[in-house]
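Engineer:
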Amino acid sequence: MDIITWEPKDSEKVKNCYMNYEYPKGLKIIDEWIDLAGYRMFLIYETDDEKAYAAANLPFIGPCRFETFPVMKAEKYMQMVQELAGKTGEKGVEAAVPGKGAAGEEILTQIENLEKRIYRLEHHSFIQQEDTT
């Protein structure tokens, strides 16, 4: 899930970019909402392709800021925990706790990779914003 924000002065630029925009292949949009009270958009999508994610953000990097949250439906998460518990022999959510067995280490590695990607995107956005002011 992304929360995308922009400054009021950039509203026209963001609107024009969005009106002519098509999401890249590899990014499945689940839903998107505009905050009626202010300069924000909420976007829920699925992707396994970081290149598609990066391509989706590129047109908006100058005027917009992105906050990215890896989310999952609760029932899907609980099913994953049960599957991981079956593979590792651990019980319940302990199978998915970072540092608790192989399954936990795998999840911890995924979280670290996401944090690195988010940092790179935020840093790139910051650099772009600095260059344009």
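The sequence shown begins at 91 in my numbering and counts up one residue at a time. Think of the CB as a built atom: it goes at the ideal place given N, C-alpha and C, for glycine as much as any other residue.
(1) Which residues bound the beta strand (DSSP E) around M131?
(2) If we ignore side chains and look at the alpha-carbon of each, how far apart do E97 and A127 end up?
(3) Is the separation between the beta-carbon of T95 and that of Y129 shorter than 8 Å?
(4) Cβ atoms of E140 and L133: under 8 Å apart, would you say?
(5) Evaluate V161 with the Cβ neighbour count: other Cβ atoms within 10 Å of its Cβ, from every protein chain shown; 16 or more gives buried, anything less gives exposed.
(6) Note down the Cα distance separating D138 from E102, rounded to an integer number of angstroms.
Structural biologist: In short, the structure shows the following:
(1) R130 to E136
(2) 13 Å
(3) yes
(4) no
(5) exposed
(6) 31 Å
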